[in-house]
């Protein structure tokens, strides 16, 4: 399968199919963007290979599992819990907690991995997420949900919800404060995080409300009709054609129809009241930009507080590569870290390079 024929940073000038104006890619980020190229046509095997570390992506090659995470974060200990799922399935939770004990219950980050709901697992990109928690004495709980198309929506979201309810109900025995659980999801995990919080609100369970939610460059809208969808149909690593194909796997032939529920595609929800304080960010040069802005706007309209960031000249997932020489990447990661510190009411510690420590 052939890759995109032009450097992404020059797509607007070289690709004659791009007919409408769009923001330019940041010139400092351009070398990172152009270092890899993906096929224009969606390939599930390729995407699952990237998520597992078998294929290179624009961020490099990373293999994530319990061993590699603990090698990078030796101050943590890993345990697993098997939780009853919604369809007589088992939902596995991986818990990464500081080895050093504490006299009080810790806040927890409930992590839902990226991969478009069609790839990845509970270990995918956990290390950079832990990096965001530098200086916060907390626990990370990462959920393993079923993937589409083998399990269509809302099955993956129901798995995440089952894990969240179990975590809340068993928090005390794990040294976790059930009133200080933050739901975090990136990309496809962002959709699942939003759907999980909608389920928690609508079902009034867990009994103790979720503290906050972070939707990190979230996949929210199956209709793919926004301005950013049209702007980045071509010449983008995660182009609109890819996103339509992903939604097709998630929803089947119902994609784009009036049959889709908010638990399947959270942008379909018209009442975003009574939700936890929310952080949303997206890149300016990505398909998800306008659905992220629309979701934040609807949260505000319904009286829910939301912090929104759109990162200029950036593409989907640009800040997963924590390059200290690129100021925009540092700004994006610091914004997320600062928000997490505020909502998790952390105790300040002496900064180190280890992350997630006492």
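Residue numbers (the working numbering): 767 to 1124. Even for Gly, the Cβ is constructed at its ideal location relative to N, Cα and C.
Have a look at the DSSP bridge pairing and note the partners of residue i.
i: residue 857; result: 849
i: residue 910; result: 858
i: residue 997; result: For residue 997, which the question treats as bridged, DSSP gives no partner whatsoever.
i: residue 1045; result: 980 and 1073
i: residue 876; result: 907 and 949
i: residue 863; result: 843
i: residue 769; result: 805
Where do the N-terminal and C-terminal ends of the alpha helix (DSSP H) with residue i fall, by residue?
i: residue 1009; result: 1006 to 1017
i: residue 933; result: 921 to 935
i: residue 834; result: 832 to 838
i: residue 892; result: 892 to 898
i: residue 1064; result: 1055 to 1067
i: residue 779; result: 777 to 780
i: residue 796; result: 796 to 799
Count the other C-beta atoms from every protein chain shown that fall within 10 angstroms of the C-beta of residue i, then say buried if there are 16 or more, exposed otherwise.
i: residue 1047; result: buried
i: residue 999; result: buried
i: residue 1026; result: buried
i: residue 837; result: exposed
i: residue 979; result: buried
i: residue 961; result: buried
i: residue 1006; result: buried
i: residue 1111; result: exposed
i: residue 947; result: buried
i: residue 825; result: Caution is warranted here: a pLDDT of 45 is assigned to residue 825, below 50, making its placement in the model unreliable, and the coordinate value is therefore given only provisionally. Under this definition residue 825 is a buried residue.
i: residue 845; result: exposed
i: residue 1062; result: buried
i: residue 768; result: exposed
i: residue 750; result: For residue 750 there is no data in the structure shown, the boundaries of the chain being 767 and 1124.
i: residue 890; result: buried
i: residue 1055; result: buried
i: residue 972; result: buried
i: residue 797; result: exposed
i: residue 984; result: buried
i: residue 1108; result: exposed
i: residue 886; result: buried
i: residue 976; result: buried
i: residue 1069; result: exposed
i: residue 869; result: exposed
i: residue 1009; result: buried
i: residue 929; result: buried
i: residue 881; result: buried
Leaving aside the five residues before and after residue i along the sequence, list all residues of the same chain whose C-beta is less than 7 Å from its C-beta, in chain order.
i: residue 823; result: With a pLDDT of 48 at residue 823, under the threshold of 50, the predicted position of this residue should be treated as unreliable, and no value is reported.
i: residue 782; result: none
i: residue 843; result: 863 and 865
i: residue 1011; result: 808
i: residue 1003; result: 774, 804, 824, 1081 and 1082
i: residue 1079; result: 789, 790, 791, 792, 795, 1050 and 1051
i: residue 926; result: 878, 909, 911, 958 and 962
i: residue 943; result: 871, 872, 873 and 937
i: residue 1091; result: none
i: residue 786; result: 996 and 997
Using a Cβ-Cβ cut-off of 8 Å, state whether residue i counts as contacting chain C.
i: residue 894; result: The chain inventory of the structure shown lacks chain C, comprising one protein chain alone.
What residue range does the beta strand (DSSP E) around residue i cover?
i: residue 944; result: 942 to 952
i: residue 1095; result: Not the beta strand (DSSP E): residue 1095 falls in the alpha helix (DSSP H), residues 1093 to 1110.
i: residue 986; result: No beta strand (DSSP E) contains residue 986, which DSSP labels as neither H nor E.
Return the chain-ordered list of same chain residues with a C-beta closer than 8 Å to the C-beta of residue i, the five sequence neighbours on each side being excluded.
i: residue 1067; result: 1038
i: residue 788; result: 778, 997, 998 and 1051
i: residue 772; result: 780, 781 and 1001
i: residue 1033; result: 986, 987, 988, 989, 1057, 1060 and 1061
i: residue 895; result: 875, 877, 906, 950 and 952
i: residue 855; result: 912 and 925
Among residues of its own chain, excluding the 5 on either side of residue i, which ones have a beta-carbon nearer than 6 Å to its beta-carbon?
i: residue 1029; result: 920, 923 and 961
i: residue 893; result: 835 and 838
i: residue 1075; result: 1047 and 1101
i: residue 883; result: 914, 922, 954 and 1016
i: residue 860; result: 846, 888 and 908
i: residue 1085; result: 1095, 1098 and 1099
i: residue 770; result: 803 and 806
The ligand SAM heavy atoms versus the CB of residue i: any closer than 7 Å?
i: residue 867; result: The ligand SAM is not part of the structure shown, which contains no ligands of any sort.
message: With three or more C-beta pairs closer than 8 Å as the rule, is the segment 890 to 907 touching the segment 861 to 878?
response: Contact between the segment 861 to 878 and the segment 890 to 907 is present, because at least three Cβ pairs lie under 8 Å.
field: the segment 955 to 967 contacting the segment 992 to 1010, beta-carbon criterion three pairs below 8 Å
entry: With a cut-off of 8 Å, the segment 992 to 1010 and the segment 955 to 967 do not count as touching, because too few Cβ pairs lie within range.
Inter-stretch contact (C-beta, 8 Å, three-pair minimum) for the segment 1036 to 1047 and the segment 1006 to 1019: Segments in contact, no.
field: Cβ pair count under 8 Å reaching 3, the segment 929 to 945 against the segment 1024 to 1041
entry: With a cut-off of 8 Å, the segment 1024 to 1041 and the segment 929 to 945 do not count as touching, because too few Cβ pairs lie within range.
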